[in-house]
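Here the structure comes first, spelled out in structure tokens, and everything after it is commentary.
4 protein chains.
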Amino acid sequence: MTKQSKSLPDAGRRNEASRKAILTAAFDLVGEVGFAKLSIEAIAARAGVGKQTIYRWWPSKGTVLFDAFLMLSEDHASGDPALPDTGDIEADLKTVLRATVDELNDARYDEPLRALNTEIVHDPELAAAYAERLHEPMRRIKRDRLRRAQEAGQLDADTDLDLAVELLWSPLLNRWLQRTGPLTAEYADRVVEAALHGLRPRTEAASHTRTGQAAGKPSRG
Amino acid sequence: MTKQSKSLPDAGRRNEASRKAILTAAFDLVGEVGFAKLSIEAIAARAGVGKQTIYRWWPSKGTVLFDAFLMLSEDHASGDPALPDTGDIEADLKTVLRATVDELNDARYDEPLRALNTEIVHDPELAAAYAERLHEPMRRIKRDRLRRAQEAGQLDADTDLDLAVELLWSPLLNRWLQRTGPLTAEYADRVVEAALHGLRPRTEAASHTRTGQAAGKPSRG
Amino acid sequence: MTKQSKSLPDAGRRNEASRKAILTAAFDLVGEVGFAKLSIEAIAARAGVGKQTIYRWWPSKGTVLFDAFLMLSEDHASGDPALPDTGDIEADLKTVLRATVDELNDARYDEPLRALNTEIVHDPELAAAYAERLHEPMRRIKRDRLRRAQEAGQLDADTDLDLAVELLWSPLLNRWLQRTGPLTAEYADRVVEAALHGLRPRTEAASHTRTGQAAGKPSRG
Amino acid sequence: MTKQSKSLPDAGRRNEASRKAILTAAFDLVGEVGFAKLSIEAIAARAGVGKQTIYRWWPSKGTVLFDAFLMLSEDHASGDPALPDTGDIEADLKTVLRATVDELNDARYDEPLRALNTEIVHDPELAAAYAERLHEPMRRIKRDRLRRAQEAGQLDADTDLDLAVELLWSPLLNRWLQRTGPLTAEYADRVVEAALHGLRPRTEAASHTRTGQAAGKPSRG
DNA sequence: TTCTAACCGAGACGGTACGTCTCGTCTTAAT
DNA sequence: ATTAAGACGAGACGTACCGTCTCGGTTAGAA
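In the order they appear, the protein sequences are chains A, B, C and D.
Counting in my numbering, the first sequence tops out at residue 231, every number present.
Counting in my numbering, the second sequence tops out at residue 231, every number present.
Counting in my numbering, the third sequence tops out at residue 231, every number present.
Counting in my numbering, the fourth sequence tops out at residue 231, every number present.
Dropping the structure here:
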């Protein structure tokens with residue numbers, strides 16, 4: 011579905027200029043007309059390419075779009091592969107989640123991102139590719155920052171870091187996808203706070219000893 | 011877009027049998043062929059109805075599907091509109107989230123649910139209808155249970171309950187939509203635990219005021 | 011394949027304006043680009059019609075062209091359904107065959123006629139329709155004239171009139187189709203003469219018992 | 011367009027095996043799928059040859075097919091280049107035309123022959139090549155036999171022999187191409203009889219100067 | 001009870017896009 | 001330099017649906 015700079019089997023006779031023109035056209039068009047109205051015909055026309063050249067290398071318009079994102083992410087992923095680390099995990103997470111909010115609110119990426127996300131929903135194969143090539147690298151970066159916080163004692167030692175990542179980012183992604191509420195910097199802050207401190211009261215007052223003292227879980231921590 | 015039992019303007023001469031046949035056909039077909047390949051033609055044919063009868067009452071296939079869900083939810087929502095309350099919020103949430111996991115993993119609802127969710131992503135108007143008619147009622151039920159827990163001192167008094175709902179349910183919905191990991195009962199449990207207790211260590215409240223005395227990472231800050 | 015003014019099953023909901031536009035466009039286009047390069051797409055575009063409207067009513071572009079000819083022939087067949095009859099069969103046949111020559115040499119009909127004739131060659135079903143709707147009516151007219159000549163004693167009483175028609179017209183059609191020689195009025199005349207008088211010498215001298223002395227043909231007026 | 015045994019410019023570096031494979035594949039394929047569905051791609055694939063090798067040496071699929079026929083006719087034309095001559099032209103012509111009927115009815119040659127004939131109809135250049143290389147040689151053979159009959163006094167001395175050939179063979183070719191009637195040995199016989207004896211009554215030479223007295227036509231010759 | 005207006009099933013219509021096929025050109029690698 | 005192989009831009013194929021538009025045939029209220 012994708013193509014590296016060299017030595018892949020399909021790299022044989024492939025026209026690199028056509029490939030790039032197709033991915034660029036696809037990304038631009040999805041932003042203009044949305045994924046539902048995005049057509050292979052239009053991509054081919056915009057890219058100045060025969061339709062068969064698209065069908066030859068991609069099985070669906072979803073995979074074209076995916077490769078378009080891949081190209082984009084490779085372009086500006088060359089820089090820093092790490093999250094900020096000031097030593098204060100809460101502040102750093104707020105910074106990062108606010109940046110995520112800004113990105114999701116960016117009009118240029120809104121439609122393409124929605125398109126990619128909804129295609130993943132319906133195409134397990136594409137979802138796997140997405141998980142491997144785009145999602146996992148970003149998750150690792152996030153996990154790395156959380157691990158350092160954990161090692162610094164700022165996060166519970168037992169916490170599953172993948173779960174932690176999901177606890178932090180899922181609310182944002184869900185609000186954005188489903189438009190169930192405003193997606194703001196304040197929201198990002200409150201998500202970070204809630205995720206870090208938990209929903210329970212922090213006072214040692216055995217809050218759960220009244221009304222159902224059972225099921226305690228006092229041992230943790 | 012929807013139809014009440016009486017007195018709505020569109021209730022005039024409408025053929026109720028056709029309406030039900032259309033919604034049933036739409037729901038069945040989306041489970042068989044997926045939303046992308048669902049066509050008005052096929053719905054009309056399956057329902058034994060003229061195409062115009064669909065176009066007369068619904069503006070898009072997304073809204074047809076939405077009404078199909080509405081019909082379904084009205085059918086079996088007649089029962090109890092409340093979450094279990096044993097007095098132990100953690101146990102109750104685990105019960106509920108496990109049920110959510112089961113529902114999302116139910117093959118019969120998988121495709122239709124995904125279809126509805128992705129249509130919402132692209133259609134703000136539909137998203138609003140969804141929020142009002144389907145999402146909000148369920149959120150209120152969840153919020154009610156959390157409020158009782160809050161009043162019982164099992165949840166922090168400051169917590170925004172809508173945020174709490176999102177913190178608890180978003181990770182599940184995200185895993186399901188994006189298939190970024192297995193969606194199991196254990197996962198539900200751990201989400202509940204993490205959300206309630208937070209990611210930070212509970213012992214020393216000051217843990218984030220001082221840094222790094224443990225396990226190295228001396229260089230940072 | 012064809013359509014009468016009323017009461018045919020397919021006449022039901024059919025749009026007569028579209029039908030005529032399609033046939034006209036097909037006839038014009040085949041004259042412009044030839045049958046091989048004639049495309050359904052182009053016919054539809056020229057006629058201002060959806061492609062499906064063509065596929066709905068005709069199984070192939072050959073049948074479209076056939077109906078175009080039918081429309082044309084119905085248009086100007088309203089007049090005289092008989093060949094000239096001056097009492098002199100030889101003179102009349104020369105008149106008619108010269109007219110045939112002129113028609114075949116008419117640039118406006120050349121390509122369409124060739125197209126129709128070659129389609130018939132490859133499509134037996136179309137050939138049957140052609141035989142019934144276009145060829146047979148003309149053959150009957152020709153046969154009628156020959157029959158009157160036969161009754162007048164100008165043609166042998168034993169002669170099969172269908173065979174006679176073929177003997178007279180086939181050479182013209184063949185020259186035209188295969189371009190094996192010039193198609194002129196003189197050629198028409200000589201075909202008529204040869205067909206009427208035969209290739210044998212007319213002298214009663216048992217011409218095939220001895221050789222070469224004859225050279226006769228004195229009787230020919 | 012064609013290829014001689016030696017010394018032609020295109021004979022230079024040409025791969026003779028490929029040429030034969032192409033012509034054989036073309037002939038076989040046209041018999042299997044018909045000319046309309048015959049594609050250069052398929053010929054190349056069947057012949058195990060690159061498409062360019064075909065485009066390099068032939069301008070159209072019609073010319074490929076033509077060369078295929080040429081190859082075939084050269085293969086079995088090595089034998090006798092003359093028509094039978096028993097001294098009885100009528101009997102000999104019947105023999106020959108019956109053979110022609112058999113050939114046209116041969117299923118193996120039906121499609122390819124039709125293909126070649128219809129290509130000639132639309133392609134004047136190909137028609138010229140056909141006339142020169144295939145048609146003319148056969149016409150000369152026929153003409154030769156007719157000339158001997160003419161010299162023997164069995165045919166009218168004035169008769170244009172080319173016209174005579176056309177009078178005899180055109181009806182057969184036409185029936186075959188247009189399927190306007192059964193193509194049988196009897197038909198061949200009657201064509202020969204009609205062409206030789208003419209359509210007019212042979213008895214009273216003046217029959218066309220007066221009209222209608224007879225109706226009798228007692229006996230031919 | 002008749003009239004009449006809207007709804008209904010059916011499906012033709014002008015279109016767009018599909019995914020496939022073939023065209024004729026061009027490029028590559030291997031003789 | 002020619003070949004087999006096959007990618008390429010182009011564009012027609014025949015199909016599937018789109019959303020609109022009649023067409024008769026119900027089906028209800030309103031007259």
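Backbone N, C-alpha and C define an ideal beta-carbon position, used for all residues, glycine too.
TODO: Rank D/94, D/67, D/25, D/185 by C-alpha distance to the C-alpha of residue 137 of chain C and give the top, closest one.
DONE: D/185
Task: At least 3 beta-carbon pairs within less than 8 Å: the stretch 187-197 of chain C vs the stretch 191-201 of chain D - done: no
Task: C-beta atoms of residue 48 of chain D and residue 144 of chain D nearer than 8 Å - done: no
TODO: Would you mind working out which of D/111, D/72, D/83, D/119 sits nearest residue 41 of chain D, comparing C-alpha positions?
DONE: D/119
Task: Residue span of the alpha helix (DSSP H) that contains residue 38 of chain D, given as start and end - done: 26-43
Open item on the list: Within 10 Å of its beta-carbon, does residue 140 of chain D have 16 or more other beta-carbons around it, so buried, or fewer, so exposed?
Closed with: buried
Task: Interface partners of residue 127 of chain A on chain B, CB under 9 Å - done: 128, 131, 187, 188
- [ ] Could you say which of B/162, B/36, B/166 lies nearest to residue 73 of chain B if we only look at CA atoms?
- [x] B/36
- [ ] Note down, in chain order, each residue of its chain lying with its Cβ closer than 8 Å to the Cβ of residue 97 of chain D, except the 5 sequence neighbours on either side.
- [x] 162
Open item on the list: Counting C-beta neighbours from all protein chains within 10 Å, is the total for residue 83 of chain C 16 or more, i.e. buried, or is it exposed?
Closed with: exposed
TODO: For residue 176 of chain C, verify whether its CB is less than 7 Å away from any heavy atom of the ligand NAD.
DONE: Ligands displayed in this structure: none; no statement on the ligand NAD is therefore possible.
TODO: Tell me whether the beta-carbon of residue 125 of chain A lies closer than 8 Å to the beta-carbon of residue 183 of chain A.
DONE: no
Open item on the list: One question on the structure: do residue 155 of chain A and residue 102 of chain A come within less than 8 Å of each other, judged by their Cβ atoms?
Closed with: yes
TODO: Would you list, in sequence order, the uninterrupted alpha helix (DSSP H) runs of no fewer than 4 residues that lie entirely inside the stretch 145-207 of chain C?
DONE: 146-161, 171-188, 195-207
Task: Rounded straight-line distance, which links the Cα of residue 148 of chain A to that of residue 203 of chain B - done: 25 Å
Open item on the list: Please classify residue 167 of chain D as buried or exposed, where buried requires at least 16 neighbouring CB atoms within 10 angstroms.
Closed with: exposed
Task: Any C-beta of chain C under 8 Å from that of residue 51 of chain D - done: no
Task: Listed by chain order, chain C residues near residue 141 of chain D by CB distance under 8 Å - done: 188, 189, 190
Task: Listed by chain order, chain D residues near residue 134 of chain C by CB distance under 8 Å - done: 189
Task: Extent of the continuous alpha helix (DSSP H) run through residue 122 of chain A - done: 117-132
Task: Neighbourhood of residue 175 of chain A by C-beta, 8 Å cutoff - its chain only, sequence neighbours within 5 removed - done: 149, 152, 153, 156
TODO: Would you check if the distance between the CB atom of residue 53 of chain D and the CB atom of residue 39 of chain D is smaller than 8 Å?
DONE: yes
TODO: List the residues of chain D that residue 25 of chain C touches, going by C-beta distances under 9 Å, in chain order.
DONE: None at all; the shortest Cβ gap to chain D is about 29 Å.
- [ ] Using a cut-off of 7 Å between C-beta atoms, extract the partners of residue 180 of chain A located in chain B.
- [x] 180, 181, 184
Open item on the list: Would residue 200 of chain D and residue 170 of chain C qualify as a contact pair, given that the criterion is a beta-carbon distance under 8 Å?
Closed with: yes
TODO: Would you decide whether residue 121 of chain C is buried or exposed? Buried here means 16 or more other CB atoms lie within 10 Å of its CB.
DONE: buried
Open item on the list: Let me see if you follow: with CB-CB separation under 8 Å, is residue 38 of chain D close to chain C or not?
Closed with: no
Open item on the list: On the DSSP letters alone, give me the boundaries of the alpha helix (DSSP H) that residue 56 of chain C sits inside.
Closed with: 50-57
- [ ] Starting from residue 166 of chain D, find everything on chain C with Cβ-Cβ shorter than 7 Å and list it in chain order.
- [x] 209, 210, 211, 227
- [ ] Return no unless some Cβ of chain D is closer than 8 Å to the Cβ of residue 111 of chain C.
- [x] no
Open item on the list: Below 8 Å on the Cβ atoms is my contact criterion, and I expect residue 60 of chain C with residue 31 of chain C to pass it. Report the Cβ-Cβ distance as a whole number of Å.
Closed with: Not really, about 12 Å apart at Cβ, beyond 8 Å.
- [ ] Measuring only between beta-carbons, confirm whether residue 204 of chain A sits less than 8 Å from chain B.
- [x] yes
- [ ] Mind listing the chain B neighbours of residue 177 of chain A? Cutoff is C-beta to C-beta under 9 Å, in chain order.
- [x] 177, 180, 181, 201, 204, 205, 209
Task: Beta-carbon proximity check, residue 129 of chain B vs residue 45 of chain B, cutoff 8 Å - done: yes
Open item on the list: Closest to residue 92 of chain D by C-alpha separation, out of D/158, D/64, D/205, would be which residue?
Closed with: D/158
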